[in-house]
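**Q** Structure provided below as structure tokens; questions to follow.
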Amino acid sequence: MDKQSYWENIYQTKKPDAVSWYCPHLEKSLELIRRSAISLSAAILDVGGGASTLVDDLLKEGFHDVTVLDISAAAIETAKKRLGKQANQVTWLTADITETDLPKNRYDVWHDRAVFHFLIEPQQRMAYILQVLLAVKPGGHVHRRHVRTRRAAQMQWSRCHAL
Ligand SMILES: C[S@@+](CC[C@H](N)C(=O)[O-])C[C@H]1O[C@@H](n2cnc3c(N)ncnc32)[C@H](O)[C@@H]1O
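Sequential numbering of the sequence shown, starting at 54, is according to the numbering used here.
What follows is the structure, given as structure tokens:
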């Protein structure tokens, strides 16, 4: 199974809150983005944003240049449906981060929760790093976060804001 089919299959067969990395709100990510001391007009890219609610919370905070990129069209559809009309305020990109063409020096904030560590081939990792270097503005912020394993995530359910 290729990687896109792999992720599509997950998002087509599981409810958004049934995946091991689910968190109702990505508090830690929000905190990191707030701490970047950026203005509300900052361009934020959530790489591999999936169906997460980070985009909802960023819009609620007043950020109005938010892009969500994910390899899975089903994940993006889920997030769009949840947002309803507000989805029009977001730029959605269905793409593989290691292969897509991103605009140069476009983003003030690059956010990745649990995407980079799924890239196991050195070429994929290098391609990802080159994307960061190309697409993040000089002086921009890169937040890359890990997520614990399924078992640990279940054990830590009540503390998922810390993931
Ligand atoms: C573990 S999930 C995390 C989702 C989201 N960041 C969160 O915290 O809820 C990993 C996400 O990365 C996406 N993904 C995996 N490989 C990707 C790639 N090469 N390019 C873009 N997205 C990718 C998957 O579709 C999935 O939504």
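Built from N, CA and C at the ideal position, the CB exists for glycine as well. Quick caveat, the model's predicted, so the values are computed rather than measured.
Grouping DSSP H, G and I as helix and E and B as strand, with all else coil, what is K67?
**A** Start at 1 with the first residue of the sequence shown, and residue 67 comes out as number 14. Here K67 sits in coil by DSSP.
**Q** Can you give me the Cβ contacts of P69 inside the same chain, cut-off strictly under 7 Å, excluding the 5 residues immediately before and after it?
**A** By one-based count along the sequence shown, residue 69 stands at place 16. Excluding positions up to five away in sequence, the list reads Y75, A104, T131.
**Q** Just mark G137 as buried or exposed, buried being the case when its beta carbon has 16 or more other beta carbons within 10 Å.
**A** Walking along the sequence shown from the start, residue 137 turns up at place 84. That one is exposed.
**Q** I need the DSSP call for Q207, collapsed to helix, strand or coil.
**A** Locating residue 207 in the sequence shown gives position 154, where the first residue counts as 1. No answer about Q207 holds up, because its pLDDT of 44 lies below 50 and its placement is not dependable.
**Q** Relative to the alpha-carbon of K157, which residue among G193, K56, A127, A126 has its alpha-carbon at the smallest distance?
**A** On the sequence shown, position 104 is the one that residue 157 refers to. Of the listed residues, the one whose Cα sits closest to K157 is G193.
**Q** What is the residue span of the beta strand (DSSP E) that V162 lies within?
**A** For this step, residue 162 is matched to residue 109 along the sequence shown. Start and end: 160-166.
**Q** If you drop the 5 nearest sequence neighbours on each side, which residues of the same chain put their C-beta closer than 6 Å to that of V168?
**A** For this step, residue 168 is matched to residue 115 along the sequence shown. Excluding residues within five positions, the ones whose Cβ falls inside 6 Å are V100, G101.
**Q** DSSP three-state call for I91: helix, strand or coil?
**A** The sequence position of residue 91 within the sequence shown is 38, counting from 1. I91: coil per DSSP, three-state reduction.
**Q** What does a CB cutoff of less than 6 Å around L178 pick up in its chain, not counting 5 residues either side in sequence?
**A** Mapped onto the sequence shown, residue 178 falls at position 125. Here residue 178 turns out to be Arg, not Leu, going by the sequence shown. Within the same chain, R178 has close Cβ partners L172.
**Q** Is any heavy atom in ligand 1 found nearer than 8 Å to the beta carbon of F116?
**A** For the purposes of this step, residue 116 is taken as the residue at position 63 of the sequence shown. F116 Cβ: outside cutoff for every heavy atom of ligand 1.
**Q** Quick one: grab the DSSP three-state call for I182.
**A** Looking up residue 182 in the sequence shown gives position 129. Three-state result, I182: helix.
**Q** Any heavy atom of ligand 1 closer than 8 Å to the beta-carbon of A71?
**A** The sequence position of residue 71 within the sequence shown is 18, counting from 1. False, no ligand heavy atom lies under 8 Å from that Cβ.
**Q** Using the three-state DSSP reduction, which class does H170 fall into: helix, strand or coil?
**A** Locating residue 170 in the sequence shown gives position 117, counting from the first residue. Three-state DSSP puts H170 in a helix.
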